[in-house]
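Notes follow the structure.
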């Protein structure tokens, strides 16, 4: 069984991916655990399945779930102004054809979830670099996020879609609302209840023990270059809600299963709300993954009514890919550790081949297709 799925994973290795780890659940039971390659190819250490990974933007699903826990408690409304809780975002500026102007629209909390705030992914502007370089600055989460407010927005809040720092700001909002450090809140309310003992939002940057070796693919040379730098690391105290989580495959599937079942860490109706496409047509034209099958909900890709595509989830910059299909009771999580991965455009096909293998059907995967977005960071 799962011959097509295994063939696709084998193709990933042929494309040079050092290692991968895939886990598939059906009806709450593990029906496939498939892995291959070397956790450290330089030392010829085979993958064992307990490796840690920087999951990058797969962190966003956890952050949004944490925020929605507070929404369930009535601690904020999706239509609230962000500045009610983070005053640094009250007076925003926006890029226009006539230069940088004062923004007319306030950033709503729902804009953070939906990536419609106008924020980009500029983490290293001159103003931010000056802030990072303050002697003794460990970049605490809320203080650092407040600095993001100095960067002009790409468009008026609510009038477009842009992949950016919105979920990092959402993590800071969780910290302000809960009165707990963001990383501590997530541990107490998500990781500990689910038994995710190897997951954290504040892993010591110098500690690489137990990790699959991270690489960066150089598209010009075709080489996979070892790189220890954690792309989302800004300082010792910055817990990045948008990309700062470290986890393992066995940990993360527990989170996905909780999101499939519902009424574990979030009410089922809350998850349904998150997994509903909320984009307006104006926003949709800017959505990176705009297609007849895929929309965007409250922090995740969402189905758009196509009966053959009923999953939600997201991906990560180093190749992670998460999928939850509550209609067919299937969840899967794919992990690898390659930045600028050459298989980014193929990860979404895992859903199609896994679904086909479960149904005993055949599916044609366009493995020669080029990456549709060379700047994709998730």
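In this note's numbering, the protein residues as written are 4 to 381.
Even glycine gets a Cβ: it sits at the ideal position worked out from N, Cα and C.
Q | Under 9 angstroms between C-beta atoms of residue 158 and residue 186 | A | One-based indexing of the chain shown puts residue 158 at position 155. One-based indexing of the chain shown puts residue 186 at position 183. Not closer than 9 angstroms, so no.
Q) Helix, strand or coil: how does DSSP classify residue 232 here? A) In the chain shown, the residue the question calls residue 232 occupies position 229. Coil, per DSSP.
Q) Near residue 242, what residues of its chain come up, given a Cβ to Cβ distance below 6 angstroms and the 5 sequence neighbours on each side ignored? A) Here residue 242 corresponds to residue number 239 of the chain shown, with the count starting at 1. For residue 242, where only same-chain residues beyond five positions count, the Cβ hits under 6 angstroms are 144, 185, 186, 204, 205.
Q.
If contacts are defined as beta-carbon pairs under 8 angstroms, then residue 160 and residue 120 qualify, I think. What distance do you get, rounded to the angstrom?
A. Within the chain shown, numbered from 1, the residue matching residue 160 stands at position 157. Within the chain shown, numbered from 1, the residue matching residue 120 stands at position 117. Right, their Cβ atoms sit about 5 angstroms apart.
Q) Are residue 335 and residue 26 touching if we call contact CB-CB under 9 angstroms? A) Locating residue 335 in the chain shown gives position 332, counting from the first residue. Locating residue 26 in the chain shown gives position 23, counting from the first residue. Their beta carbons are under 9 angstroms apart, which means residue 335 touches residue 26 by this criterion.
**Q.** Residues of its chain near residue 296, where Cβ-Cβ distance is below 8 angstroms and the 5 sequence neighbours each way are ignored
**A.** Stepping through the chain shown from its first residue, residue 296 is reached at position 293. The residues are 306, 307, 309, 311, 312.
Q) Considering only C-alpha positions, which residue in the set 57, 231, 4, 31 is nearest to residue 260? A) Mapped onto the chain shown, residue 260 falls at position 257. Of 57, 231, 4, 31, the residue nearest in Cα terms is 31.
Q) Going straight from the alpha carbon of residue 9 to that of residue 74, what length do you get? A) The residue given as residue 9 occupies position 6 in the chain shown. The residue given as residue 74 occupies position 71 in the chain shown. Computed Cα separation, rounded: 40 angstroms.
Q) Rounded to a whole number of angstroms, what is the C-alpha to C-alpha distance between residue 135 and residue 150? A) Here residue 135 corresponds to residue number 132 of the chain shown, with the count starting at 1. Here residue 150 corresponds to residue number 147 of the chain shown, with the count starting at 1. Near 10 angstroms, if we compare the C-alpha coordinates of residue 150 and residue 135.
Q: Could you tell me whether the stretch 209-217 touches the stretch 274-294, where touching means 3 or more Cβ pairs closer than 8 angstroms?
A: no
Q) Near residue 14, what residues of its chain come up, given a Cβ to Cβ distance below 7 angstroms and the 5 sequence neighbours on each side ignored? A) As a first step, residue 14 is located in the chain shown; it is residue number 11 there, counting from the start. Closer than 7 angstroms at the Cβ level, and outside the excluded window around residue 14, lie 370.
Q: Tell me residue 297's beta-bridge partners as DSSP assigns them.
A: As a first step, residue 297 is located in the chain shown; it is residue number 294 there, counting from the start. In the DSSP output, where bridge partners are listed per residue, residue 297 has 306.
Q: Tell me whether the beta-carbon of residue 131 lies closer than 9 angstroms to the beta-carbon of residue 112.
A: Taking the chain shown and counting its residues from 1, one reaches residue 131 at position 128. Taking the chain shown and counting its residues from 1, one reaches residue 112 at position 109. Result no, Cβ atoms of residue 131 and residue 112 do not sit closer than 9 angstroms.
(Q) Please determine whether the Cβ atom of residue 88 lies at a distance below 8 angstroms from any heavy atom of the ligand SAM. (A) Looking at this structure, you won't find the ligand SAM or any other ligand, since it has none at all.
Q: Determine the closest residue to residue 213 out of 18, 53, 12, 44, with distance taken between C-alpha atoms.
A: In the chain shown, the residue the question calls residue 213 occupies position 210. Closest by alpha carbon: 53.
Q: Would you kindly work out how many angstroms separate the C-alpha atoms of residue 128 and residue 155, rounded to a whole number?
A: In the chain shown, counting from the first residue as 1, residue 128 sits at position 125. In the chain shown, counting from the first residue as 1, residue 155 sits at position 152. Near 11 angstroms, if we compare the C-alpha coordinates of residue 155 and residue 128.
Q. Using the rule of at least 16 other Cβ atoms within 10 Å of the residue's Cβ for burial, across every protein chain shown, is residue 221 buried or exposed?
A. Position 218 of the chain shown, counted from the first residue, corresponds to residue 221. Burial call: exposed.
**Q.** Whole-angstrom C-beta distance between residue 67 and residue 303, which should lie under 8 angstroms
**A.** Here residue 303 corresponds to residue number 300 of the chain shown, with the count starting at 1. Here residue 67 corresponds to residue number 64 of the chain shown, with the count starting at 1. Contact flag correct, Cβ pair sits at about 7 angstroms.
Q. Considering only residues of the same chain and omitting the five flanking positions on each side of residue 82, which have a CB-CB separation below 8 angstroms?
A. Taking the chain shown and counting its residues from 1, one reaches residue 82 at position 79. If we look at residue 82 and ignore the five residues flanking it on each side, its Cβ neighbours are 111, 112, 113.
Q | N- and C-terminal bounds of the alpha helix (DSSP H) containing residue 262 | A | Within the chain shown, residue 262 is the residue found at index 259, counting from 1. Where residue 262 is concerned, the enclosing alpha helix (DSSP H) stretches over 252-264.
**Q.** Paired residues, beta bridge with residue 221 - DSSP
**A.** The residue given as residue 221 occupies position 218 in the chain shown. The partner list for residue 221 (beta bridge, DSSP) reads 226.
**Q.** Start-to-end residues for the alpha helix (DSSP H) that takes in residue 277
**A.** The residue given as residue 277 occupies position 274 in the chain shown. Taken as a continuous stretch (DSSP letters only), the alpha helix (DSSP H) holding residue 277 covers 271-277.
**Q.** Distance, residue 208 Cα to residue 172 Cα
**A.** In the chain shown, residue 172 corresponds to position 169, counting from 1. In the chain shown, residue 208 corresponds to position 205, counting from 1. The C-alpha of residue 208 is placed about 21 angstroms away from the C-alpha of residue 172.
Q. Helix, strand or coil: which one does DSSP assign to residue 129?
A. Mapped onto the chain shown, residue 129 falls at position 126. DSSP places residue 129 in helix when its eight states are reduced to three.
Q) Apart from the five residues just before and just after residue 341, which ones in its own chain have a Cβ nearer than 8 angstroms to its Cβ? A) Working through the chain shown from its first residue, we reach residue 341 at position 338. Within the same chain, residue 341 has close Cβ partners 20, 21, 217, 218, 219, 220, 227, 321, 322.
Q.
Which residues does DSSP list as the beta-bridge partners of residue 369?
A. Taking the chain shown and counting its residues from 1, the one referred to as residue 369 is at position 366. Answer is none; residue 369 lacks a bridge partner.
Q. What first and last residue would you give for the alpha helix (DSSP H) that runs through residue 71?
A. Reading the chain shown from its first residue, position 68 is the one you call residue 71. Here the alpha helix (DSSP H) through residue 71 covers 62-75.
Q | From 56, 4, 40, residue whose alpha carbon lies closest to that of residue 318 | A | Here the question's residue 318 lines up with position 315 in the chain shown. Taking only the C-alpha atoms, the option nearest residue 318 is 56.
Q: Reducing DSSP to helix, strand and coil, say where residue 36 ends up.
A: Your numbering for residue 36 matches position 33 in the chain shown. The answer is strand: DSSP assigns residue 36 an E or B state.
Q. Where does the unbroken alpha helix (DSSP H) through residue 280 begin, and where does it stop?
A. For the purposes of this step, residue 280 is identified with residue 277 of the chain shown, where counting begins at 1. For residue 280, there is no enclosing alpha helix (DSSP H), since its DSSP letter is neither H nor E.
Q.
Once the 5 residues before and after residue 48 are set aside, which same chain residues still bring their CB inside 7 angstroms of it?
A. By 1-based counting over the chain shown, the position of residue 48 is 45. Cβ within range, chain order: 41, 42.
Q) When the Cα of residue 164 is compared with those of 190, 142, 115, which residue comes out closest? A) The residue labelled residue 164 in the question sits at position 161 within the chain shown. Residue 115 is the option with its Cα nearest to residue 164.
Q: Inspect the beta-carbon positions of residue 181 and residue 255 and report whether they are closer than 9 angstroms.
A: Against the chain shown, residue 181 aligns to sequence position 178. Against the chain shown, residue 255 aligns to sequence position 252. Taking 9 angstroms as the Cβ cut-off, residue 181 and residue 255 do not qualify as a contacting pair.
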